[in-house]
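The next block holds one structure in the form of structure tokens; read it before the comments.
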Amino acid sequence: MSIAYILRSVFSDVIAKVHAINRRYATPRLAMSKHVRLALLCLRIYLLILVGLLAYKFISIVIH
Amino acid sequence: MNWTTRFYYKLQRMWKATRLYLILAGPGIVVMIADNDAGGITTYAATGSKYEYYLIWFLIILCPVAYYVQEMTVRLGAVTKRGHAEAMFDGFGAFWGWFSLIDLLLVDWLTLVTEFIGMTAALAIFGVPGWLTVTMVCLLMGFMVLNGRYWTWEKLAMAFCALNLIYIPGAFMVHPPVSDIFSHGLIPNFPGGFDSQLFFFLMANIGTTIAPWMLFFQQSSVVDKGLKEKDIAWGKFDTLLGSIFTVLVAIFIVIVCGTVLHGVDVDDAAQASKLLMKTHHYAGEFMAIGLFDAGLLGAICISLASSWAFGEVFGWAHSLNAKIKEAPWFYASYFIALVSAGLVVLIPGAPLVLITLFVQVVAVTLLPAALVFLILLLNDKETMGDKVNSRWENLINGTIVGVIIVLSTLYGISTLFPSMFN
Numbered sequence: 001m002s003i004a005y006i007l008r009s010v011f012s013d014v015i016a017k018v019h020a021i022n023r024r025y026a027t028p029r030l031a032m033s034k035h036v037r038l039a040l041l042c043l044r045i046y047l048l049i050l051v052g053l054l055a056y057k058f059i060s061i062v063i064h
Numbered sequence: 065m066n067w068t069t070r071f072y073y074k075l076q077r078m079w080k081a082t083r084l085y086l087i088l089a090g091p092g093i094v095v096m097i098a099d100n101d102a103g104g105i106t107t108y109a110a111t112g113s114k115y116e117y118y119l120i121w122f123l124i125i126l127c128p129v130a131y132y133v134q135e136m137t138v139r140l141g142a143v144t145k146r147g148h149a150e151a152m153f154d155g156f157g158a159f160w161g162w163f164s165l166i167d168l169l170l171v172d173w174l175t176l177v178t179e180f181i182g183m184t185a186a187l188a189i190f191g192v193p194g195w196l197t198v199t200m201v202c203l204l205m206g207f208m209v210l211n212g213r214y215w216t217w218e219k220l221a222m223a224f225c226a227l228n229l230i231y232i233p234g235a236f237m238v239h240p241p242v243s244d245i246f247s248h249g250l251i252p253n254f255p256g257g258f259d260s261q262l263f264f265f266l267m268a269n270i271g272t273t274i275a276p277w278m279l280f281f282q283q284s285s286v287v288d289k290g291l292k293e294k295d296i297a298w299g300k301f302d303t304l305l306g307s308i309f310t311v312l313v314a315i316f317i318v319i320v321c322g323t324v325l326h327g328v329d330v331d332d333a334a335q336a337s338k339l340l341m342k343t344h345h346y347a348g349e350f351m352a353i354g355l356f357d358a359g360l361l362g363a364i365c366i367s368l369a370s371s372w373a374f375g376e377v378f379g380w381a382h383s384l385n386a387k388i389k390e391a392p393w394f395y396a397s398y399f400i401a402l403v404s405a406g407l408v409v410l411i412p413g414a415p416l417v418l419i420t421l422f423v424q425v426v427a428v429t430l431l432p433a434a435l436v437f438l439i440l441l442l443n444d445k446e447t448m449g450d451k452v453n454s455r456w457e458n459l460i461n462g463t464i465v466g467v468i469i470v471l472s473t474l475y476g477i478s479t480l481f482p483s484m485f486n
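One line per chain: the protein sequences are A and B, in this order.
Numbering-wise (the numbering used here), the first sequence opens with residue 1 and increments by one.
Numbering-wise (the numbering used here), the second sequence opens with residue 65 and increments by one.
Put into structure tokens, the structure is as follows:
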């Protein structure tokens, strides 16, 4: 068995596992009430702003 | 019954309760004391040398803050028998689950590097070369997990927690003015007015009090230990005791540095140790030993938090009670994280300062999500039953989480843009 074969089989196993996890958790078990939806929306906005700031910092470092 | 009989039975009951606690103790104490990791020690040393005893009151406030956040993980772990990573996947779906898991792995690995930075710097004071420190730590941590029992690992970790109390005798060695500590430290005040520098220090102290890995670690630890719903009260007591100890250690570090190094700009705890050794040799050595121990405790918990989270989500065996053959991926991920983080520190010219700063920024991308999810999960009546958050708990925890999110975010942003708050 070559190393390439082993690596390929490991990666394909991991990818299959990731797909299985995605299928298993496709639907959130928690009831999506108004409060939960609002909290998740706020989190998305928060993360977008934070990632934007990180990108801005990275770009400004690269430019200077 | 006469009073001697009553006293005897009372003593018996207390002894029984103490024995029960000693069996159930662990996750709370370990996570809280490990919270005073290498980065935390630097923050407290810098706080003491900058503001003397004037911010001790703020550290005392952080005690209930840490307790209220962490006790939620005890309840969640004991009721659901699931770690935090698995609970997130289950409760909020794959998107938020992957986001949390990948972010956790990144933050944990970067924090692990900072723990190695602290440990190598601490032992360098005693003339131990970096490569030897990294090798010794990896071997020691390997020995701790490979004995195949959670119980043994936990008790060894608790022995290192006890060593963390070394700062207390260290403080007595420098003969601090007790009356000044009480008069300056216990009355809430903002020394020199509320300026940007003070704000940065307050944010840094909050940032070191609650870290994302703590939530994941304690919940997984509660599950691995096998705590049940009936043990929640003891788990909460364990967490409370841990939060008291962690703040006590922080206060004593502030006292040592406030007494001897007041007015000196301290950049890291190893530098503080060296400066202390000039005037108080043993206090300085104690500081260095404490720094090594803090880094080790942090490394022990952080590497496990990642491995547990990985195992929970991928469905691999993920218990310290399992042998290597039974849980190969759990131990593999543990050692890969540990050895790779140790090797980074040994690379000549590695951007260690950048990594230390980057940890704070990446942590604020994960912390709000982890905290908000924690509150939402604790409000899920279907899962939590009568252990669901009460209205008061929601009010207290919601306020704490809101304040932590705002301040830790500002801390992360101020790390990115240092001139923003000037």
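By construction, the Cβ of each residue, glycine as well, lies at the ideal position given by its N, Cα and C atoms.
- Scanning its chain for C-beta atoms nearer than 6 Å, with the 5 sequence neighbours on each side dropped, one finds around B:I105 the residues A333, L355, A358, in chain order.
- Annotation: B:G147 to B:Q134 spans about 13 Å, alpha carbon to alpha carbon.
- Close partners of A:A4 in chain B (Cβ separation under 8 Å) are lacking, with about 20 Å as the shortest Cβ gap.
- Residues are counted here when their Cβ sits less than 8 Å from a Cβ of chain A; for the segment 382-403 of chain B the count is zero.
- Listed by position along chain B, the residues whose Cβ is nearer than 9 Å to that of A:I21 are F153, A158, G161, W162, V377, F378, G379.
- For the segment 426-438 of chain B, residues whose beta-carbon sits nearer than 8 Å to a beta-carbon of chain A comprise V428, T429, P432, A433, V436.
- Closest in alpha carbon position to B:I125, among B:S454, B:L291, B:T273, B:A427, is B:T273.
- Legend: CB atoms of the segment 14-47 of chain A lying less than 7 Å from CB atoms of chain B belong to residues K17, I21, N22, Y25, A26, T27, P28, R29, L30, V36, A39, L43, Y46, L47.
- If you check the CB distance, B:A373 and B:L165 come in under 8 Å.
- Distance from the CA of B:L88 to the CA of B:T82, rounded to the nearest whole angstrom, comes to 10 Å.
- Taking a Cβ-Cβ threshold of 7 Å, none of the residues of chain A is close to B:L368; the smallest such distance is about 21 Å.
- Sequence-ordered contacts of the segment 50-62 of chain A with chain B read L50, V51, L53, L54, K57 [C-beta pairs closer than 8 Å].
- Between B:V171 and B:P276, the CB-CB gap stays under 8 Å.
- Here DSSP, grouped into helix, strand and coil, assigns B:E116 to coil.
- The DSSP-derived three-state label of B:N385 is coil.
- Distance between B:G290 and B:F258, taken at the CA atoms: about 46 Å.
- Per DSSP, B:E150 is one residue of the alpha helix (DSSP H) stretching across 148-188.
- Counting C-beta pairs with one atom in each stretch, the segment 110-122 of chain B and the segment 251-267 of chain B have three or more that are closer than 8 Å, which means they touch.
- Proximity of chain A to B:L480 at the Cβ level (cut-off 8 Å) is accounted for by L53, L54, K57, in chain order.
- Under the three-state reduction of DSSP output, B:V198 falls in the helix class.
- 8 Å or more divides the Cβ of B:M78 from the Cβ of B:T303.
- Contact check for A:L50 against B:T429 passes: the beta carbons are separated by less than 8 Å.
- Using a Cβ-Cβ cut-off of 8 Å, B:L170 is close to nothing in chain A; its nearest Cβ partner there is about 13 Å away.
- The beta-carbon separation of B:S284 and B:A369, rounded to 7 Å, stays under the 8 Å limit for a contact.
- For a Cβ distance threshold of 8 Å, nothing in chain A lies close to B:L123: the least Cβ distance comes to about 28 Å.
- The continuous alpha helix (DSSP H) containing B:K219 extends over residues 214-227.
- Neighbours of B:I477 in chain A, taken as residues whose beta carbon is under 9 Å from its own, are L50, L53 in chain order.
- Against chain A, the beta carbon of B:L440 has neighbours under 7 Å at L30, V36, A39, listed in chain order.
- Secondary structure at B:W121: helix, using DSSP grouped into helix, strand and coil.
- In its chain, beyond the 5 residues on either side, M267 have a beta carbon closer than 7 Å to the beta carbon of B:L474.
- The Cβ of B:D444 sits closer than 8 Å to at least one Cβ of chain A.
- Counting only runs of at least 4 residues, the segment 262-350 of chain B fully encloses the following alpha helix (DSSP H) elements, listed from N- to C-terminal order: 276-289, 296-324, 333-343.
- In the structure shown, B:P128 falls within a helical segment according to DSSP collapsed to helix, strand and coil.
- For B:T216, the closest alpha carbon among the candidates B:L407, B:D288, B:T137, B:V425 is that of B:D288.
- In the DSSP annotation of this structure, the continuous segment of the alpha helix (DSSP H) that includes B:L471 starts and ends at 455-480.
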